[in-house]
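J.: The structure that follows is given in the form of structure tokens.
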Amino acid sequence: MEDLSLHILDVVENSIRARASRIEVTLEEKKTDNFLCLLIIDDGSGMDEETIKLVTSPFYSSKEGKYFGFGVSLLKQAALETEGEFEIDSNKGVGTKIKAVFKKDHPDMKPIGDIMLTIQVLRLSHPDIDFFYNFKSDSE
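Taken in order, the sequence shown gives residues 229 to 368; the numbers are from this note's numbering.
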């Protein structure tokens, strides 16, 4: 994937398939600490511990008839390639929180892309879901 907005689109589509009715996307920029944190939180069906371990593998998919699932694994890879971090916290029946932290000045840091267009497309495509987008920066 070329930029973070495409990663967001892919992971949010997973939330939609998990029957989320509320999805929150937050980007937090810490210029003083040189990092960018992406949080995607949903109230979908959630995952059990076994699925959480599998979901970061490109050779796992929860989609019927699919044997590959690159979305979450590529987001994890993108974060780790910048010397960042990646975490998934999920509870069955409650929802999922995905956190990816990127070192901003790392040469492998991907561009952010058009986040607003991504959120707009999601809202227009899924009017029955409440989407929230937050941007925080220590420079504001």
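The beta carbon of each residue, even a glycine, is placed where N, CA and C say it ideally should be. The structure presented is a predicted model; accordingly, all values stated were derived computationally and were not measured.
Applying the 10 Å Cβ sphere with the 16-neighbour rule, what's the burial state of K281?
T.: Working through the sequence shown from its first residue, we reach residue 281 at position 53. Under this definition K281 is an exposed residue.
J.: Around the Cβ of N242, are there at least 16 other Cβ atoms within 10 angstroms (buried) or fewer (exposed)?
T.: Within the sequence shown, residue 242 is the residue found at index 14, counting from 1. Buried, by the Cβ-count rule.
J.: For the candidate residues A306, I316, D333 and G323, whose alpha-carbon lies nearest to that of T260?
T.: In the sequence shown, residue 260 corresponds to position 32, counting from 1. With distances taken between Cα atoms, T260 lies closest to D333.
J.: Which residue wins for smallest C-alpha separation from C265, given the options K304, N319, I347 and P335?
T.: Within the sequence shown, residue 265 is the residue found at index 37, counting from 1. Cα-wise, what sits closest to C265 is K304.
J.: Would the region 321-330 and the region 265-276 be scored as touching if the rule is three or more Cβ pairs under 8 Å?
T.: The answer is yes - the region 265-276 touches the region 321-330, with three or more Cβ pairs under 8 Å.
J.: Is the beta carbon of V239 closer than 8 Å to that of G299?
T.: As a first step, residue 299 must be located in the sequence shown, where it is residue number 71. As a first step, residue 239 must be located in the sequence shown, where it is residue number 11. Yes.
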